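A short worksheet on the structure shown next.
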Amino acid sequence: MAEKQHPVPAYGLAARDHSGLLSPFNFSRRETGETDVKFKVLYCGICHSDLHMLKNEWGSSTYPIVPGHEIVGQVTEVGSKVEKYKVGDRVGVGCMVGSCRSCTNCSQSIENYCPKMILTYGGTYHDGTPTYGGYSDVMVCDEHFVVRVPDSLPLDVAAPLLCAGITLYSPLKFYGLDKPGLHIGIVGLGGLGHVGVKFAKAMGLKVTVISTSPGKKQEAIERHGADAFLVSRDQEQMQAAMGTMDGIIDTVSAVHPIMPLIGLLKTQGKLVLVGAPEKPLELPVFPLLMGRKIVGGSCIGGMKETQEMLDFAAKHNITADIEVISADYVNTAMERLAKNDVKYRFVIDVANTMQAP
Ligand SMILES: [Zn+2]
Ligand SMILES: [Zn+2]
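Residues in the sequence shown are numbered consecutively from 1, following full-length UniProt numbering.
Structure follows, in structure tokens:
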């Protein structure tokens, strides 16, 4: 199957239906416009939402779908009005490639909350054509939605920061949970949680990982630098930790009780949800009232903040723990991801393993 709406030939992996099975796909990218950056994709992370989208689990997928929103590479061409980038620069594209650029949210650099935000894949671009993500050899994107990957960050381990990294960094900043000495909990030690621990530690926080798996204690503390570990199913441990946390970032995307988490918060503590369970969670109001506690949400971050996050990561040597895979391994990787069998992010070696035949 081929798709030729644009002049630039592109090659990638696409799912054709809700089986989610990825197979080679010839398609096209637009010509590099005045404010566009074109780059050779070198690596692309595999996010859990790729899996949801491939299988149409959120009901919004349109096929064919080329996933991938943790994209890094090297600039090969820039439009005549591009100011920030030049050929050879190391760049990345995260979860969005466009927005209206004029609404209140856009003018406040929170394009991620623009009602017309355009997703990197599975969306419709300004010209009416579908957007295709980073499981592909070439990317064209308006420079406003491109970030610079600092030289000190290797590209493969930086890729997951573009979604997982900003998803954790942004709520820590916005909810004021970035002040040294605060005690925060991070629920779930997966792709999101493990980078969250690293950002939180670099901000000078005391970090407790909260997990259902006691087996993750050692890696949480020794590998990622968490200060403490709490098994959420252990009533005694949970009881002992009641009222000790200034904030909690909950990365779990399965349906789960949040009452115990609210109990862990100090008075005026904040519980921030960044996972997306398919069904509503039960919200117990009484414990919120009694402690003036806050339950909030957060979804990735704006472009300015995404750049700030990458610069912060470079300064503090924060990278994702990854397993690099070849393009022909993606379907197996998806099966493993569905079982959470990855430490902690798969990253596709696009440049070396995804070439048009
Ligand atoms: Zn993602
Ligand atoms: Zn807007």
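Every residue, glycine too, gets a C-beta built ideally from N, C-alpha and C. All of these numbers come straight from a predicted model, not from anything done at the bench.
Between residue i and chain C, is any beta-carbon pair separated by less than 8 Å?
| i | result |
| --- | --- |
| TYR344 | Of the protein chains in this structure there is only one, and it is not chain C. |
Indicate the three-state DSSP secondary structure (helix, strand or coil) for residue i in the structure shown.
| i | result |
| --- | --- |
| ARG292 | coil |
| GLU282 | coil |
| HIS194 | helix |
| SER232 | coil |
| ASP178 | coil |
| VAL342 | coil |
| GLN237 | helix |
| ARG148 | strand |
| LEU172 | helix |
| ALA327 | helix |
| PRO277 | coil |
| VAL41 | strand |
| TYR132 | coil |
| ASP250 | strand |
| ASN56 | coil |
| ALA320 | coil |
| LEU13 | strand |
| CYS95 | coil |
| GLY297 | strand |
| VAL157 | helix |
| ASP137 | coil |
Figure out for me which residue from the options has the closest Cα to the Cα of residue i.
| i | options | result |
| --- | --- | --- |
| PRO67 | VAL330, PRO277, ASN352, TYR85 | VAL330 |
| PRO260 | CYS95, VAL272, VAL87, MET238 | MET238 |
| SER99 | LEU168, ALA10, HIS126 | HIS126 |
| LYS173 | ALA314, ILE325, LYS270 | LYS270 |
| LEU288 | ALA276, THR104, THR267, LEU273 | THR267 |
| VAL93 | VAL41, SER109, THR62, SER152 | VAL41 |
| GLY225 | MET96, ALA240, ASP89, GLY193 | GLY193 |
| residue 361 | LEU161, LYS217, PRO277 | Residue 361 cannot be examined here, being either before or after the span of the chain that is shown, 1 to 357. |
| LEU182 | VAL342, ASP246, GLY215, LEU168 | ASP246 |
| SER211 | GLY243, PRO257, VAL285, ASP178 | PRO257 |
| GLY296 | GLY302, ILE325, ILE318, ILE262 | ILE262 |
| TYR43 | ASP250, ASP36, LEU155 | LEU155 |
| ASP311 | GLY45, LYS86, SER152 | SER152 |
| ASP137 | ALA10, ALA159, THR120, PHE199 | ALA10 |
| GLU83 | PHE229, PRO7, GLU34 | GLU34 |
| ILE166 | ILE65, PHE199, PHE286 | PHE199 |
| residue 362 | ILE186, ASN112, SER107, CYS141 | Past the boundaries of the shown model lies residue 362; the chain is included only from 1 to 357, so the question cannot be answered. |
| LYS38 | MET53, GLY123, ASN56, VAL8 | VAL8 |
| ILE46 | PRO24, GLY59, TRP58, HIS69 | HIS69 |
| GLY133 | GLN218, PRO277, LEU54 | LEU54 |
| THR353 | PRO24, GLN108, HIS6, HIS18 | PRO24 |
Hey, is residue i close to ligand 2, as in C-beta under 7 Å from one of its heavy atoms?
| i | result |
| --- | --- |
| ASN105 | yes |
| ARG101 | yes |
| CYS299 | no |
| LYS304 | no |
| CYS95 | no |
| LYS116 | yes |
| GLU278 | no |
| GLU111 | yes |
Can you tell me whether residue i is buried or exposed, with buried defined as 16 or more other CB within 10 angstroms of its CB?
| i | result |
| --- | --- |
| LEU265 | buried |
| ALA254 | exposed |
| GLY204 | exposed |
| GLN307 | buried |
| ARG29 | buried |
| MET334 | buried |
| residue 406 | Nothing about residue 406 can be reported from this structure: the residues present for the chain run from 1 to 357 only. |
| SER61 | buried |
| MET242 | exposed |
| ASN112 | buried |
| GLY215 | exposed |
| GLY20 | buried |
Would you say residue i and residue j are within 8 Å of each other, going by their C-beta atoms?
| i | j | result |
| --- | --- | --- |
| TYR135 | ILE300 | no |
| LYS201 | VAL207 | yes |
| ARG336 | ALA164 | no |
| VAL157 | ALA320 | yes |
| residue 423 | LEU13 | In this structure the chain extends from 1 to 357, so residue 423 is not present and cannot be described. |
| VAL274 | PRO171 | yes |
| LEU177 | ALA220 | no |
| TYR63 | ARG101 | no |
| GLU323 | LYS343 | yes |
| GLY73 | VAL91 | yes |
| MET139 | ILE118 | no |
| TYR85 | GLU143 | yes |
| VAL285 | ASP250 | no |
| GLY191 | HIS52 | no |
| GLY122 | ILE65 | yes |
Is residue i a contact residue of ligand 1, with contact defined as CB to any heavy atom under 7 Å?
| i | result |
| --- | --- |
| CYS44 | no |
| HIS69 | yes |
| SER61 | no |
| residue 368 | Coverage of the chain is limited to positions 1 through 357, which leaves residue 368 absent and any answer about it impossible. |
| CYS47 | yes |
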